[in-house]
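**Q**
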Amino acid sequence: MYAEIIKGLSNCKIGAADKKAFLNWARQIGGERIDHIVSNKHRKAYKRAAQVLGALCEVLILIGQESDAHVLVNEYYFDKYRRFSAFRKEVQAVFQTSNVVRSKMVL
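Here the sequence shown stands for residues 296 to 402, numbered as in this note's numbering.
#1: Look up Tyr376 in the DSSP assignment and say whether it is helix, strand or coil.
#2: Tell me whether the beta-carbon of Leu367 lies closer than 8 Å to the beta-carbon of Leu357.
#3: From Gly349 to Val389, what distance separates their C-alpha atoms?
#4: Counting along the chain, where does the alpha helix (DSSP H) carrying Asn394 start and finish?
#5: I'd like to know if the region 336–349 and the region 376–395 are in contact, where contact means that at least 3 CB-CB pairs between them fall below 8 Å.
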């Protein structure tokens, strides 16, 4: 499945600058969403915030930016929201269901 996604993405005729802009946009929007949900303690939405973090990490790993995925995890899981155990449990659950993230990231 992931190979098909990578194949489809590699067939896109998007310039490197546009790819970088789209990735930065996704990271900004995703980060804002995570921050909004967790910092405002919307506990029922922690799963969605964890899914956003997982999706961002998957994309970064799949495009070969594994170190950036680790930076995101360090920022949201280990630094900013280290005291939010309910959010951290959701992140762990999301990461366990992702073959891509589970094989590359250790929580």
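All C-beta atoms in this analysis are idealised placements derived from N, C-alpha and C, irrespective of residue type, glycine included.
**A** Let me lay it out:
#1: Counted from its first residue, the sequence shown places residue 376 at position 81. Tyr376: coil per DSSP, three-state reduction.
#2: Along the sequence shown, one-based indexing puts residue 367 at 72. Along the sequence shown, one-based indexing puts residue 357 at 62. Their beta carbons are not under 8 Å apart, which means Leu367 does not touch Leu357 by this criterion.
#3: By 1-based counting over the sequence shown, the position of residue 349 is 54. By 1-based counting over the sequence shown, the position of residue 389 is 94. Cα to Cα, the separation comes out at about 6 Å.
#4: Numbered from 1 along the sequence shown, position 99 holds the residue referred to as residue 394. Start and end: Asn394 to Lys399.
#5: In short, these stretches touch, since the Cβ pair count reaches three.
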